[in-house]
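Residue numbers (UniProt numbering): 1 to 369.
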């Protein structure tokens, strides 16, 4: 009985000493990472077992050989325990960090969703109120002048088209976020896509008095979904035209390097505040404070155009970013490159490293053809 009491006393004493050392260590390291705390607690636990076993074995007056056998066994077991514990500790720490990141991402997504709902509600409520007022005026014969009646009909048609575009944008964005976007990849000449986008933006550019310029260059061929790539270029171009003041310029460049195809849209909008640059591609972000506000007629929408651009670009395995220039900003898209099916390969330097290239200004009539 006395031997069991001694074993208990020795074990408790060594455990208490190791525990005090561990508590002091944790207090000193309280501002360190979670993985550090896990390693300290694991070391304390294993050290307490090893120290207790060694103390009890020594007190039992074992032979030198037997004591060595016990110590070797305990130390080997402790080493294995520390290794396994450290592995699980790292996994636990990684899971904890991942959980924090997921919660933060969910918080941002919820804030973005609320902002989107607020923008869309406003953008639908405002034109609906106008449509109702014009419809009631026509129905009650309050407006009888032929010119005014024709104007009301025109405004109703325009507002209906805008709301339809907003609904289409919402549907496209929902497909992107749900991972339901199916790309029909093919070899698409970038020059054709740019020409179509210029034709789409030509009426808005003419109304705003904005010059759209495209470089005469060797436009590459890119592997992409043709409809999605067209939407990317058109959204970027229309966005720049909307925020460029009258008599400003929107410039389109494109080319390829050894690995990627790139397209850049530059404008003279006056630039974007640095604090807003990381949010430019967020859902519902408009940034009227950053860039020159334009009339409501040209800026209708829920702030979805650039968010759709980012989603479509990333679906192609590419990336998009924006930087400020001297008098505006520059949007650049990069997608995986594909060489033409036949013919020699030409290497086009990056935009920042090449010299001036010939330019031509595309009028609305030329772009339409």
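Just so it is clear, CB atoms sit at the ideal spot from N, CA and C, and this is done for glycine as well.
| query | result |
| --- | --- |
| Bridge-paired residues (DSSP) for residue 306 | Its beta-bridge partners do not exist; DSSP assigns none. |
| Contact set for residue 36: own chain, Cβ-Cβ below 6 Å, skip 5 residues either direction | 29 |
| Nearest-angstrom Cα separation, counted from residue 40 out to residue 26 | 7 Å |
| CB of residue 238 within 9 Å of CB of residue 201, strictly | yes |
| Coarse secondary structure for residue 22, derived from DSSP in three states | helix |
| Local Cβ density within 10 Å of residue 308, reported as buried at 16 or more and exposed below that | buried |
| Three-state secondary structure assigned by DSSP to residue 269 | coil |
| Where residue 157 sits in the DSSP three-state scheme | helix |
| Residue range of the unbroken beta strand (DSSP E) whose run includes residue 323 | 319–324 |
| Own chain partners of residue 344 with C-beta closer than 6 Å, once the 5 adjacent residues on each side are dropped | Reliability fails at residue 344, whose pLDDT of 36 lies under 50, so the model's placement of it is uncertain and the value that follows must be treated cautiously. Once the five neighbours on either side are set aside, residue 344 has no close Cβ partner at all. |
| Alpha carbon of residue 129 to alpha carbon of residue 140, nearest angstrom | 17 Å |
| Start and end residues, beta strand (DSSP E) containing residue 205 | Note, residue 205: premise wrong, no beta strand (DSSP E); alpha helix (DSSP H) at 190–208. |
| Terminal residues of the alpha helix (DSSP H) in which residue 230 lies | 226–243 |
| Inter-stretch contact (C-beta, 8 Å, three-pair minimum) for the region 304–323 and the region 167–178 | yes |
| Nearest-angstrom beta carbon gap, residue 18 and residue 38 [assumed within contact, 8 Å] | About 17 Å; that fails the 8 Å criterion. |
| Straight-line gap, residue 34 to residue 319 (C-alpha atoms, nearest Å) | 34 Å |
| C-alpha distance - residue 248 paired with residue 210, whole-angstrom precision | 5 Å |
| Which residues DSSP lists as bridging residue 285, in chain order | None, per the DSSP bridge assignment. |
| Residue from 91, 66, 47, 92 with nearest C-alpha to residue 75 | 47 |
| Neighbour-count burial assignment, residue 370, 16 or more Cβ in a 10 Å radius | This structure gives no information on residue 370, because the portion of the chain shown stretches from 1 to 369. |
| For residue 260 and residue 170, believed in contact at Cβ under 8 Å, the rounded distance | Not really, about 30 Å apart at Cβ, beyond 8 Å. |
| Contact under 9 Å by Cβ, residue 221 with residue 187 | yes |
| 6 Å Cβ shell around residue 49 - same chain, five flanking residues per side excluded | none |
| Residue 251, DSSP secondary structure in three states | strand |
| Residue environment, residue 215, which counts as buried when at least 16 other CB atoms sit within 10 Å | buried |
| Residue interval of the beta strand (DSSP E) (run including residue 335) | 329–336 |
| Pairwise C-alpha distance: residue 54 and residue 278 | 59 Å |
| Backbone secondary structure at residue 98 - three-state DSSP | helix |
| Classification of residue 268 by the beta-carbon crowding that lies within 10 angstroms, buried from 16 upward | buried |
| Rounded straight-line distance, which links the Cα of residue 197 to that of residue 281 | 20 Å |
| Residue 90 - DSSP class collapsed to helix/strand/coil | helix |
| Spatially closest choice to residue 324 from 285, 304, 316, 275, by CA coordinates | 275 |
| Of the residues 143, 149, 125, 137, the one placed nearest residue 162, counting alpha carbons only | 125 |
| Exposure of residue 121, with buried meaning 16 or more beta-carbon neighbours within 10 Å | exposed |
| Three-state secondary structure (DSSP) of residue 107 | helix |
| Supposed close pair residue 370, residue 265 - CB separation, criterion 8 Å | The shown model of the chain, from 1 to 369, leaves out residue 370, and the question about it has no answer. |
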